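Undergrad: Residue numbers (this note's numbering): 7 to 103. Where a beta carbon is used, it is the ideal one built from N, C-alpha and C, also for glycine. Every value quoted in this text rests on a predicted model; they were computed, and no experiment measured them.
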């Protein structure tokens with residue numbers, strides 16, 4: 007299951023195939039509170055199951071991008087080039103901030 011928002015439209019995907027689409031007017035509500043995945047903040051409604059591979063991105067993916075993620079985050083998030091170690095890769099990422 008995936009959800010995307012591109013600034014105007016909220017889309018829902020099941021198995022990387024678009025299942026629902028809704029125009030969404032106005033900016034999303036922003037706050038500095040906690041983000042809960044699999045339940046609501048007051049704990050009344052929580053998922054009874056397991057959530058695997060949560061990914062939050064700054065861009066709205068299309069069906070092809072969602073399918074790539076669906077096949078495993080390891081295919082998307084990896085150390086590149088392979089000659090770099092994980093430590094040096096994170097160091098390079100931190101420098102970009």
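I think residue 45 touches residue 38, with their Cβ atoms under 8 angstroms apart; what is that distance to the nearest whole Å?
TA: In fact, because the Cβ distance is near 19 angstroms, the residues do not count as touching under 8 angstroms.
Undergrad: Hey, could you find the ends of the alpha helix (DSSP H) residue 15 is sitting in?
TA: No alpha helix (DSSP H) contains residue 15, which is instead part of the beta strand (DSSP E) from 15-20.
Undergrad: Hey, out of 22, 23, 18 and 36, whose CA is closest to residue 29's CA?
TA: Closest option to residue 29, Cα to Cα, is 18.
Undergrad: So residue 59 packs on residue 24, CB below 8 angstroms; how close in whole Å?
TA: Going by Cβ atoms, the distance from residue 59 to residue 24 rounds to 20 angstroms, so no, they are not a contact pair.
Undergrad: Which residues mark the beginning and the end of the beta strand (DSSP E) in which residue 24 is found?
TA: 23-29 is the extent of the beta strand (DSSP E) around residue 24.
Undergrad: For residue 31, which of 47, 73, 11 and 57 has the nearest alpha-carbon?
TA: The candidate whose alpha carbon is nearest that of residue 31 is 11.
Undergrad: Return the chain-ordered list of same chain residues with a C-beta closer than 8 angstroms to the C-beta of residue 57, the five sequence neighbours on each side being excluded.
TA: The answer, listed in chain order, is 43 and 44.
Undergrad: Excluding sequence positions up to five away, which residues of its chain have a Cβ less than 8 angstroms from the Cβ of residue 34?
TA: Closer than 8 angstroms at the Cβ level, and outside the excluded window around residue 34, lie 11.
Undergrad: Under DSSP, the beta strand (DSSP E) around residue 10 begins and ends at which residues?
TA: Per DSSP, residue 10 belongs to the beta strand (DSSP E) from 8-11.
Undergrad: Using the DSSP secondary-structure output, state which residues sit across from residue 52 in a beta bridge.
TA: Bridge partners of residue 52: 45.
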